[in-house]
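Here the structure comes first, spelled out in structure tokens, and everything after it is commentary.
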Amino acid sequence: MISTGIIRKVDKLGRFVLPSELREKFHIVENDALEIFTSGDMIVLKKYEARDIFTGQSENLIDYKDKKVSIESIRELAKLAGFKIIEENGPKEEDRFKIETIF
Numbered sequence: 000m001i002s003t004g005i006i007r008k009v010d011k012l013g014r015f016v017l018p019s020e021l022r023e024k025f026h027i028v029e030n031d032a033l034e035i036f037t038s039g040d041m042i043v044l045k046k047y048e049a050r051d052i053f054t055g056q057s058e059n060l061i062d063y064k065d066k067k068v069s070i071e072s073i074r075e076l077a078k079l080a081g082f083k084i085i086e087e088n089g090p091k092e093e094d095r096f097k098i099e100t101i102f
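First residue of the sequence shown: 0, per numbering that gives the first Met the number 0; consecutive thereafter.
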């Protein structure tokens, strides 16, 4: 771990200002979400990145009932449920396949 030499005080509400140098370095802008972790005696901040609830993948996500699911997981779930996947060549990932029942 590299020390930045930056020290900040915490106010009565537990807030502190993340220095602009760090916000710029890690591409953190206003209203970005940060995850908070602990590791031993350390508090770790990490820029939040939405991930698929099944695989942890962070690309090609869609929202389903306030959860993130990737297109790949949807394909796999459809296959498990007995649906046939028909591949297409749409311009967007979500337009590249259709699902048909095989019952």
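Backbone N, C-alpha and C fix where the C-beta goes; we use that ideal spot for every residue, glycine too.
Since this is a predicted model, take the numbers as computed values, not measurements.
Quiz item: DSSP on L44, reduced to helix/strand/coil?
Solution: Taking the first residue of the sequence shown as 1, we reach residue 44 at position 45. If DSSP states are grouped into helix, strand and coil, L44 belongs with the strands.
Quiz item: When the distance is taken between beta carbons, is I52 closer than 9 Å to N59?
Solution: Along the sequence shown, read from residue 1 onward, the residue named residue 59 stands at position 60. Along the sequence shown, read from residue 1 onward, the residue named residue 52 stands at position 53. No, the pair does not count as a contact, with Cβ atoms beyond the cut-off.
Quiz item: Name the DSSP beta bridge partners of T37, please?
Solution: Here residue 37 refers to the residue found at position 38 when the sequence shown is read from its first residue. Answer is I42, bridged to T37.
Self-check item: Residue interval of the beta strand (DSSP E) (run including L60)
Solution: Taking the sequence shown and counting its residues from 1, one reaches residue 60 at position 61. Membership of L60 in the beta strand (DSSP E) is indicated by the continuous run L60 to Y63.
Quiz item: Any idea what DSSP makes of K66, helix, strand or coil?
Solution: Locating residue 66 in the sequence shown gives position 67, counting from the first residue. Of the three classes helix, strand and coil, the one that applies to K66 here is strand, per DSSP.
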